[in-house]
Structure formats: C-alpha cells, structure tokens
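Numbering (my numbering), first residue to last: 22 to 282.
As structure tokens, this is what we get:
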C-alpha cells in the first residue's frame with residue numbers, strides 16, 4: 022500500500038498508468054476512489070495519481086482535529102514520494118485550494134494547476150465578493166442539489182446513492198477544510214511562481230457561477246478557461262466523459278506550451 026510521509030502523517034495514494042502526470046485532489050466529500058471514472062479513462066495516456074488528504078479515505082485519521090492548512094503539504098508529500106515533475110494538479114471544489122497551494126510550494130514539480138469549480142482560494146477583493154454572493158445563493162439549496170442536477174438524481178438513483186455514500190468513509194468534514202482559504206495566494210504570487218492556472222467550470226454549477234469563474238480567468242494572467250456545457254458542480258461524477266475530455270485537453274495543451282517555450 023503506497024504511503025507518503027507528510028510531516029509524520031501517513032498519506033495514502035495510488036499511481037496508475039504512464040505518461041504526463043495528472044494528480045487529482047478530492048473535495049470535502051471525496052477520497053481517492055471517487056476518481057474511478059477518471060482513472061479508467063485517462064491511465065492509458067497519462068500517469069494518474071489519486072490521493073487521500075489526512076482525515077479522508079485510507080490516510081491517517083487518528084488526530085483529534087484537522088487543520089486545512091496541512092492539506093497542501095499532504096499533496097506535496099505525494100509529489101515528492103513519487104518524484105513527479107511537470108505534474109498537473111487537478112482539484113475538485115475546495116480540493117482546488119489545496120492543489121493551488123501545493124503547486125506554489127513545489128513549482129519545480131508542478132507545471133500547472135486546474136481549479137475545478139473553485140477559485141483556488143485566490144486572495145482578491147473582487148473575487149471574494151463574487152464568490153460570497155454565489156455561496157449565499159447556493160446555501161438556499163439542499164446539499165445534493167448543489168452538487169448534482171435534479172435530472173441526474175432522478176435518472177441515476179444508483180449513482181446518486183453511491184455518490185452520497187462516498188463521504189461516509191471520511192473522518193474529516195467540510196468544516197475542517199474551510200480555513201484553507203485563509204491567507205490565500207495573490208494573483209502576483211501565482212504569476213511569479215511560473216505555474217500555469219486553468220479554471221474548469223460546469224455550466225450548471227450551483228455553487229460557483231460562470232460569471233465568477235470567467236472574471237477570475239480574466240484577472241489571472243495567462244490562465245485558461247474550460248466550460249463544460251450542462252455540467253453541475255460535481256461533473257467529474259455526473260458527466261465524466263466531458264470532464265475527462267476537458268482534463269485531457271488541458272494536460273495536452275499545457276504540456277505542449279511548456280515544450281514550445
């Protein structure tokens with residue numbers, strides 16, 4: 022069982038396939054197995070790495086409390102353990118915050134970070150205001166309706182049930198991740214790091230609006246924007262084919278850019 026040491030904490034991860042590296046960082050209800058539809062689709066072309074942050078899945082969950090500020094270090098531990106270079110980190114929701122911070126901590130190992138359904142905790146007054154307005158609308162909905170569309174819930178009751186069960190394997194909860202946003206990186210910090218940033222958004226995301234994500238893209242120098250039609254906040258689960266295609270496209274594009282530089 023592969024384990025990385027993150028300052029004395031055991032972090033579980035898996036590595037599949039070969040080729041340019043993609044490391045997925047789960048959100049508050051996920052863990053390494055949540056990426057089953059991504060691993061199967063991408064491992065023939067890419068090295069696909071999945072990880073359990075502390076308190077999630079098979080990683081150490083024995084601590085009395087969890088500090089979201091430790092999560093980027095968990096990602097870094099896996100990068101170092103596998104000696105990855107030019108990796109593309111792909112975050113899901115609040116996992117994107119950990120991914121971006123890990124990328125800025127190890128720019129020699131990370132070529133790009135994809136912020137899935139997230140602003141990555143970027144510290145910018147306009148973006149914070151826009152995201153807060155989006156959250157105020159999102160909390161009016163039941164949690165499941167924020168993450169999956171009503172149609173999917175009705176047509177795929179089986180996968181909706183499995184989606185909800187995923188979180189039951191975790192000890193850490195959403196509240197343990199919230200302080201990840203504290204003292205986030207500035208746009209200047211990102212630009213200075215040399216790490217490329219891409220925003221990956223679903224057209225029907227009920228948590229973060231396209232208006233907000235588009236504005237973040239406009240403000241972030243050299244960033245990319247991928248919008249998946251008809252996709253919700255958890256599109257990696259509900260619309261995996263479109264999500265996987267977008268991730269693969271970004272990996273190829275960002276790799277090509279670096280090779281041409």
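Think of the CB as a built atom: it goes at the ideal place given N, C-alpha and C, for glycine as much as any other residue. Predicted model only: the values in this text are computed from it and were never measured.
For residue 224, the secondary structure class from DSSP, reduced to helix, strand or coil, is coil. Considered as a whole, the stretch 31-57 harbours 42-46 as its complete beta strand (DSSP E) runs of no fewer than 3 residues, in chain order.
The residue from 223, 97, 49 with its alpha-carbon nearest to that of residue 257 is 223. When the Cα atoms are used, residue 216 and residue 158 turn out to be separated by approximately 32 Å. Distance check between residue 132 and each of 44, 72, 28, 235 places 44 closest, using alpha-carbon atoms only. Here the stretch 182-202 lies against the stretch 77-94, with 3 or more beta-carbon pairs under 8 Å apart. Scanning 149, 253, 177 for the CA closest to the CA of residue 206 turns up 149. For the pair residue 161 and residue 138, the Cα-to-Cα distance works out to about 18 Å. For residue 270, the closest C-alpha among the options 33, 225, 130, 63 is that of 63.
In this structure the stretch 107-125 touches the stretch 29-46; the number of beta carbon pairs closer than 8 Å is three or more. DSSP places residue 149 within a helical segment (H, G or I) once states are collapsed to three. Boundaries of the alpha helix (DSSP H) harbouring residue 99: 92-102, taken from the DSSP string.
Residue 197 places its beta carbon less than 8 Å from that of residue 87. Within the same chain, 220, 222 come within 6 Å of residue 234 by CB-CB distance, once the 5 residues on both sides are set aside. Closest in C-alpha terms to residue 112, from the list 274, 264, 273, 153, comes 264.
Note that the C-beta distance between residue 34 and residue 70 is below 8 Å.
As for any beta strand (DSSP E) of minimum length 3 sitting wholly inside the stretch 225-255, the runs are 245-249, ordered along the chain. Here residue 189 carries a helix assignment [DSSP, helix/strand/coil].
Residue pairing for residue 217: DSSP places it in a beta bridge opposite 133. Leaving aside the five residues that flank residue 30 on each side, the residues in its chain whose CB is nearer than 6 Å to its CB run, in chain order, 75, 81.
Counting along the chain, residue 125 sits inside the alpha helix (DSSP H) bounded by residues 116-126. Rounded to whole angstroms, the Cβ separation of residue 142 and residue 118 is 4 Å, and the two are in contact under 8 Å. Distance between residue 204 and residue 126, taken at the CA atoms: about 14 Å. In this structure, the CA atom of residue 225 is about 17 Å from the CA atom of residue 151. Secondary structure at residue 205: coil, using DSSP grouped into helix, strand and coil. Per DSSP, reduced to three states, the secondary structure at residue 160 is coil, with no helix or strand assignment.
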